[in-house]
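One structure is given here, and the rest of the page talks about it.
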Amino acid sequence: MSPIWEEQYLLRIFVGEGDRHGRLPLYEALVELLRREGVAGATVLRGIAGFGASHVCHSDKLLDISHDLPIVVEVVESREKIDGIMPLLDSMLKGGRMTLETVSVRRI
Amino acid sequence: MSPIWEEQYLLRIFVGEGDRHGRLPLYEALVELLRREGVAGATVLRGIAGFGASHVCHSDKLLDISHDLPIVVEVVESREKIDGIMPLLDSMLKGGRMTLETVSVRRI
Amino acid sequence: MSPIWEEQYLLRIFVGEGDRHGRLPLYEALVELLRREGVAGATVLRGIAGFGASHVCHSDKLLDISHDLPIVVEVVESREKIDGIMPLLDSMLKGGRMTLETVSVRRI
Chain A
7 MSPIWEEQYL LRIFVGEGDR HGRLPLYEAL VELLRREGVA GATVLRGIAG FGASHVCHSD
67 KLLDISHDLP IVVEVVESRE KIDGIMPLLD SMLKGGRMTL ETVSVRRI
Chain B
7 MSPIWEEQYL LRIFVGEGDR HGRLPLYEAL VELLRREGVA GATVLRGIAG FGASHVCHSD
67 KLLDISHDLP IVVEVVESRE KIDGIMPLLD SMLKGGRMTL ETVSVRRI
Chain C
7 MSPIWEEQYL LRIFVGEGDR HGRLPLYEAL VELLRREGVA GATVLRGIAG FGASHVCHSD
67 KLLDISHDLP IVVEVVESRE KIDGIMPLLD SMLKGGRMTL ETVSVRRI
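Chains as they are written, first to last, in this note's numbering: chain A, 7 to 114; chain B, 7 to 114; chain C, 7 to 114.
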């Protein structure tokens, strides 16, 4: 059977490396939540610089390179799955930003 | 002449840092393939954490931070070029995942 | 008030880590320009490998891992804001490549 392209959604969550959720870094808490909720996979990228809305606590100056690098948590999932976890994400992020876009997915 | 926006496609290939293709890391073998096939450019990003479909060998636990970080290989190309290399990518990936989305490209 | 999804644009600027703009690395000059022009935020990602159009000075060989890693500067903004800064970006990049795509944005 040949692989096919299937329509799904790419969700990207922008936080700062220094943001926390209880005792955990926020991005680790997000990854734990995503696993617990059964999303198919997640990838965490760390930027080398950035500013502004890429972290939860807005700042008017360039991010301190060593202390609050931007983090992007990426998830590719169905719209239903993403809509289902959105209230949980909203309550954890309290500030910050997410983007959503349609992508075609090929599983081999 | 003013630069213009041209419609192309962003292909993202998700593998694990520990995945291999013969004697090479899989992501290096993919970059070699992409160059040999004449794609215009490729960018390889390494995540700092992740789980699940972001690597070829699915796992039920969080990726070991030091041994199998998620890798994303990105290509921006025409649909014809991407369709042309897809059978080669399918045969190298044997598991794993790709996403495709339309983007406007500006070359300056 | 519940957060909503708002249509904006993801601009990605591909340069090389070794590219310069005057005395600054080009990607740092881009981040300074973006802040000065009041964009809401920017994230700078550094690749671990790449080739071709991911850096300003095109090369026919794989990027030297230690000297010219690919850099992606990402901005999420309104189309008006992006169109407004485009002439400035065009004049700074002189070669290189940008991609633009629509995304839904959620601010919490």
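Idealized CB from N, CA, C, for every residue including glycine. Source: prediction; values computed, not measured.
{"Check": "Three or more C-beta pairs below 8 Å linking the region 42-58 of chain C and the region 33-53 of chain B", "Outcome": "yes"}
{"Check": "Those residues which DSSP pairs with methionine 104 (chain C) across a bridge", "Outcome": "B:Arg112, C:Ile19"}
{"Check": "Under 7 Å between C-beta atoms of threonine 108 (chain A) and tyrosine 15 (chain A)", "Outcome": "yes"}
{"Check": "Beta-carbon proximity of threonine 105 (chain C) to valine 82 (chain B), cut-off 7 Å", "Outcome": "yes"}
{"Check": "Distance, arginine 29 (chain C) Cα to leucine 17 (chain B) Cα", "Outcome": "34 Å"}
{"Check": "Helix, strand or coil at leucine 68 (chain B) according to DSSP, with G and I counted as helix", "Outcome": "Confidence in leucine 68 (chain B) is poor, its pLDDT being 47 and thus under 50, which makes the residue's placement unreliable; the coordinate value appears in the next sentence. In the structure shown, leucine 68 (chain B) sits in coil (DSSP, three-state: anything other than H, G, I, E or B)."}
{"Check": "Cβ-based contacts, 7 Å cut-off: residues of the region 91-106 of chain B near chain A", "Outcome": "Asp96, Leu99, Lys100, Gly101, Gly102, Arg103, Met104, Thr105, Leu106"}
{"Check": "Own chain, CB closer than 7 Å to lysine 87 (chain A), minus 5 neighbours either side, in chain order", "Outcome": "Val45"}
{"Check": "Top-ranked residue by Cα proximity to arginine 113 (chain C), from A:Gly101, A:Leu95, A:Val37, A:Glu12", "Outcome": "A:Gly101"}
{"Check": "Three-state secondary structure assigned by DSSP to glutamate 13 (chain C)", "Outcome": "strand"}
{"Check": "Neighbour-count burial assignment, cysteine 63 (chain B), 16 or more Cβ in a 10 Å radius", "Outcome": "Unreliable positioning characterises cysteine 63 (chain B) in this predicted model, as indicated by a pLDDT of 39, which lies under 50. A coordinate reading is not provided."}
{"Check": "Test: isoleucine 88 (chain B) CB closer than 7 Å to a CB of chain A", "Outcome": "no"}
{"Check": "Distance between beta carbons of leucine 40 (chain A) and methionine 98 (chain A), contact taken as under 8 Å", "Outcome": "Not really, about 11 Å apart at Cβ, beyond 8 Å."}
{"Check": "Residue span of the alpha helix (DSSP H) that contains isoleucine 88 (chain B), given as start and end", "Outcome": "85-99"}
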